[in-house]
Amino acid sequence: MIATIATATLLACETPPPKAPVGNGTGAKNALARLTQGIRGSWTRVEDGRPPLAVAYRSLSSDTALAESFGVGSKNETITVVYPDHDTLMLMHYCAQGNQARLTATEVTEHRVAFRLVEVTNFQKEQAVLDRLVFEWHGDTMDKTEIYKQSNGSFETTVLHFARLTPRAEPT
């Protein structure tokens, strides 16, 4: 009896990851397809005075995941994978700092997908961690907004502007 109460108490105290909307009831697979359709391919940063930065997006595992290679060819290249988990669109970011942030989609529209942190693994207290990430694209341009929670508790926002390296052919 005591073991049953203790187990019930532990289960009641656990909070599951937030279930987030995946956009107009379309489901996580459709949200992933929309994101993949919008950003798959190779991109370069287009900011005055900033060095080039290559980013590439490709489908994996029979189109069930989308992988981002960020900083392609640099010593700090990172990998981020977007994937459906039942009816929730998820994102796993493998950071160059050595931690791994898992985020869930909080907004999915025709040209925008936003994610928010659920948990982080391999985290050290002196590290920053990816807290929010937003992809917004229109044709051959994309903005990527990264919000990192710093070790002192403050937040740092970076907006990166990209152009597609090989423009997509317009439908006829």
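First residue of the sequence shown? That's 700 in our numbering, and the numbers climb one at a time after it. We treat Cβ as the ideally placed atom computed from N, Cα and C, and that holds for glycine. A quick note: this is a predicted structure, and the numbers were derived from the prediction, not measured.
Test item: CB-CB of residue i and residue j under 7 Å
i	j	result
L829	A800	yes
V858	D842	yes
T779	C794	no
F822	N798	yes
A755	S773	no
Integer Cβ distance of residue i from residue j, believed to fall under 8 Å
i	j	result
T803	T787	6 Å
L752	G770	6 Å
K848	P783	Actually they are not in contact, since the Cβ atoms of K848 and P783 sit about 26 Å apart, beyond 8 Å.
R733	R757	So it is not a contact: roughly 16 Å between Cβ atoms.
R863	F834	Contact flag wrong, Cβ pair sits at about 13 Å.
C-alpha distance - residue i paired with residue j, whole-angstrom precision
i	j	result
L765	L731	8 Å
F854	L832	12 Å
V745	F861	5 Å
E809	S768	23 Å
T856	Q826	16 Å
L816	T865	32 Å
T735	H792	17 Å
W836	K824	34 Å
G726	T805	13 Å
G737	R749	25 Å
E880	D747	Since the first and last residues shown for the chain are 700 and 871, residue 880 lies out of range.
Q796	N775	9 Å
T743	T844	15 Å
For residue i, three-class secondary structure by DSSP
i	result
Q736	helix
L752	coil
K843	strand
K824	coil
L864	coil
K774	coil
K728	helix
Terminal residues of the beta strand (DSSP E) in which residue i lies
i	result
G795	In the sequence under discussion, the amino acid at residue 795 is Ala, which differs from the Gly named in the question. Where A795 is concerned, there is no enclosing beta strand (DSSP E), given that its DSSP letter is neither H nor E.
Q799	799-808
S768	764-769
E745	The question names Glu, but residue 745 is Val in the sequence shown. Looking at the DSSP string, V745 is not in any beta strand (DSSP E), and its letter there is neither H nor E.
D784	777-784
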